[in-house]
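Heads up, the thing below is written out as structure tokens.
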Amino acid sequence: SSAKSSSSVSSSSAKSSSSEYVPFDHSQTLAGAYKVGENAYKQFTDTRNGRSYYYITITSDYSGKSVTVMAENLNIGKMVPGAENQNDDNEIERYCYNNDTTKCDEFGGLYQWAEMMQLPSRCNTESCADLIQENHKGICPDGWRLFTYDDYEIVRGYKDEDGDGIKGLRSTYGFSGTNASGFSLTGAGIRSDNGSFNGLKEKIFFFRPNEYKADSTA
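Note that the numbering used here numbers the sequence shown so that position 38 is 997, with each residue one more than the last.
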């Protein structure tokens, strides 16, 4: 989807119990300033749920084009079990890895294509090409749009001084990358059609805001 941001940390004298969940510090997934430049990351808050995100502007060393992208995966919506489809067209729904909301906090939500697009759930199984807009917003916050293949080409063209290639897009946090680009991809894993989850810290899958026609044989 689209953006990143950071939040300040305050201290408290109050004691917390060992069972209390401490929100994940997303600055752990970011690249150091020595890689992406001083103050390269900025923050904004999604007013829908008060969640803040880091974001960064990346410029292609090949085309000279720039794109401003989230450096975190989007995390918005009501959690539904992995065994169910995201069928409620009246609200945003998300999957959390292993049906664990703390994994959504850490790695972001997982979404079916129609949910990401904020289109009727029927669009997962039938064509809705006429509903796809240029700069399609989907479930992104106001002012953001869904990540496209053209955006990916810009990000992939980052100034790769050390020959890191795709590793330079991946975070050093749980995804075996170098994050030389600052893009900070984390391995959010995948929810399979049977409702199971796999690939945490090993895989990430992108939907794009367009349809494709699968090859078929008679």
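All C-beta atoms in this analysis are idealised placements derived from N, C-alpha and C, irrespective of residue type, glycine included. Fair warning: this is a prediction, and the values are worked out from it, not measured in the lab.
Asked                                                                                                                                                         : Found
Could you say if the region 1072-1084 and the region 1044-1053 meet the contact criterion of at least three C-beta pairs nearer than 8 Å?                     : yes
Take every Cβ of the region 1137-1147, pair it with every Cβ of the region 988-1005, and state whether three or more of those distances are shorter than 8 Å. : yes
Would a C-beta distance cut-off of 8 Å place D1110 and V1026 closer than the cut-off?                                                                         : yes
Taking only the alpha-carbon atoms, compute the straight-line gap between K1162 and R1150 and give it to the nearest angstrom.                                : 11 Å
Check each candidate in G1023, T988, D1152, S1135 and name the one with the smallest Cα separation from L1069.                                                : D1152
Specify the secondary structure class of Q987 as computed by DSSP and reduced to three states.                                                                : helix
With H, G and I counted as helix, E and B as strand and the rest as coil, what does DSSP make of F1165?                                                       : coil
Tell me which residue opens and which closes the beta strand (DSSP E) that Y1014 is part of.                                                                  : 1010-1018
Taking the beta strand (DSSP E) that T1060 falls in, what are its first and last residues?                                                                    : No beta strand (DSSP E) contains T1060, which is instead part of the alpha helix (DSSP H) from 1060-1066.
Using only alpha-carbon positions, find the residue among V981, N1008, V1028, T1084 that is nearest to I1017.                                                 : V1028
Between the Cα of I1015 and those of N1034, K994, F1166, spot the shortest distance and give me the residue it belongs to.                                    : K994
Roughly how many whole angstroms lie between the Cα atoms of N1032 and G1067?                                                                                 : 5 Å
Considering only DSSP beta bridges, list what K1149 is partnered with.                                                                                        : Sequence check: residue 1149 is Ile here, not Lys. I1149 is bridged to N1157.
When you compare only the Cα positions, how much space is there between Y980 and D1089?                                                                       : 44 Å
T1137 to L1128, Cα distance in whole Å?                                                                                                                       : 7 Å
Taking only the alpha-carbon atoms, compute the straight-line gap between A992 and Y1013 and give it to the nearest angstrom.                                 : 14 Å
Using three-state DSSP, classify V1114 as helix, strand or coil.                                                                                              : helix
If you follow the beta strand (DSSP E) that S1001 is in, where does it begin and where does it stop?                                                          : In the sequence on display, residue 1001 carries Lys and not Ser. K1001 -> beta strand (DSSP E) spans 1001-1005.
On the DSSP letters alone, give me the boundaries of the beta strand (DSSP E) that V1026 sits inside.                                                         : 1025-1029
Which of the three DSSP states, helix, strand or coil, is assigned to G1078?                                                                                  : Checking the sequence, you will find Leu at residue 1078 rather than Gly. Three-state DSSP puts L1078 in coil, outside helix and strand.
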